[in-house]
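Residue numbers (our numbering): 3 to 376.
This is the structure:
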């Protein structure tokens, strides 16, 4: 079986879908691994490192020639889809909610496409959970990005010249990214508070040394989906929460927003009025900017200033820490593809009724098969 590791073409994408470590393990499973030259350079993984791990480093045209499996980070460009043979398997973070037209192209080309972000949150799939592995690093990086724009330091400092108070950091959304942001800001010495619509995360927030802020009512008792994600709340709840957040946010130095709802536009948590209420020199990092943004004034790919407040809208935050993000993502992919391979024949043997397979398969046999996109 031939497995190709592609070179990502989307702008600002430095990650790669395999590391030398996972290439060795794929080869041990019986696969012939081909890596497009230069595919790992953005993540400090050289062609020589891949060769030493047992891969063949080839041109893009050679890599696409008769490959059975394509491992990638993000969705492909149109010219890449056209190069794939009928029946090939493609696995990656394919953004099916945002790139619905590409699903038709996959089906027309006869490609079996599997989206890693749709891996269900079940115990058996924990090592395949790309949303968690990438969000964890993104939460860490967001705190550093805030520090880079902030004109003060994070920790309390007592000096002969006077005392420097700790920065006040507010995390909005306590999923994987939010928890890591809390932990990172606390390690740097900040005074941290956090909010979420799910009361169940209160103990997690407090265990990290942060203060939990939220409106609690009957609606919040059912604010979490079976998959562990936050549900979109009613307009009445949003209004009550907005009042509380407005009072909290004006006291903060740094605000980091992480709220996302799968398949939906990101909810606006920080209004223009809230931004205006913040102190000059404050910083907002909008981690949801690619899905519309949690801050009304954020702009994708830009750091903008409004009334003395900097609003950071970096795209693809995991790619800003590409070395570790690639290493973790590569392990997610290895965990995902290993059960799809037959150890005896050293070829693909997919159980199409498997819970994980059914949840992630977008297209197969020339048709869109995922119920969310038919």
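Think of the CB as a built atom: it goes at the ideal place given N, C-alpha and C, for glycine as much as any other residue.
Looking at 295, 285, 105, 142, the one whose alpha-carbon comes closest to that of residue 307 is 285. Runs of beta strand (DSSP E) with 3 or more residues, each lying fully within the segment 118-205, are found at 159-161, 164-166, 170-174, 193-197, listed in chain order.
When 180, 191, 183, 177 are compared, the shortest CA-CA separation from residue 154 is found for 191.
Separation of the CB atoms of residue 26 and residue 56 is rounded to 6 Å, and the pair is thereby assigned contact status at 8 Å. DSSP, reduced to helix, strand and coil, places residue 328 within a helical segment of the structure shown. Closest option to residue 350, judged by alpha-carbon separation, among 360, 339, 357, 358: 339.
Taking a contact as a CB-CB distance under 8 Å, the pair residue 299 and residue 274 counts as one, their CB atoms being some 6 Å apart.
Residue burial is scored here from C-beta neighbours: residue 376 has fewer than 16 other C-beta atoms within 10 angstroms and is therefore classed as exposed. When rounded, the separation of the alpha-carbon atoms in residue 328 and residue 295 is 25 Å.
Each of 11, 32, 50 was checked against the Cα of residue 22, and the nearest Cα belongs to 50.
From the listed residues 208, 173, 373, the smallest Cα separation to residue 196 is found for 173. Cβ-Cβ separation between residue 324 and residue 30: approximately 25 Å, too far for a contact (criterion under 8 Å).
Between the segment 162-176 and the segment 114-126 there are fewer than three inter-stretch CB-CB distances shorter than 8 Å, so the stretches are not counted as touching. For residue 241, the enclosing alpha helix (DSSP H) has its first and last residue at 237-251. As DSSP reads the structure, residue 307 sits in a beta bridge with 312. Beta-bridge pairing by DSSP links residue 4 to 34. Ranked by Cα distance from residue 330, the first of 267, 133, 201, 53 is 133.
One Cα belongs to residue 282, the other to residue 157, and the distance between them is close to 19 Å. Secondary structure of residue 94 (DSSP, three-state): strand. Per DSSP, reduced to three states, the secondary structure at residue 338 is helical. Only residues of its own chain outside the window of five on either side were considered, and among them 105, 109, 376 have a CB closer than 6 Å to the CB of residue 370, listed in chain order. The C-alpha of residue 138 is placed about 19 Å away from the C-alpha of residue 200. Per DSSP, the beta-bridge partners of residue 256 are 171, 285. Taking the Cβ atoms as the reference, residue 28 lies roughly 7 Å from residue 336, within the contact range of under 8 Å. With contacts defined as CB atoms closer than 7 Å, residue 180 and residue 260 qualify as a contacting pair.
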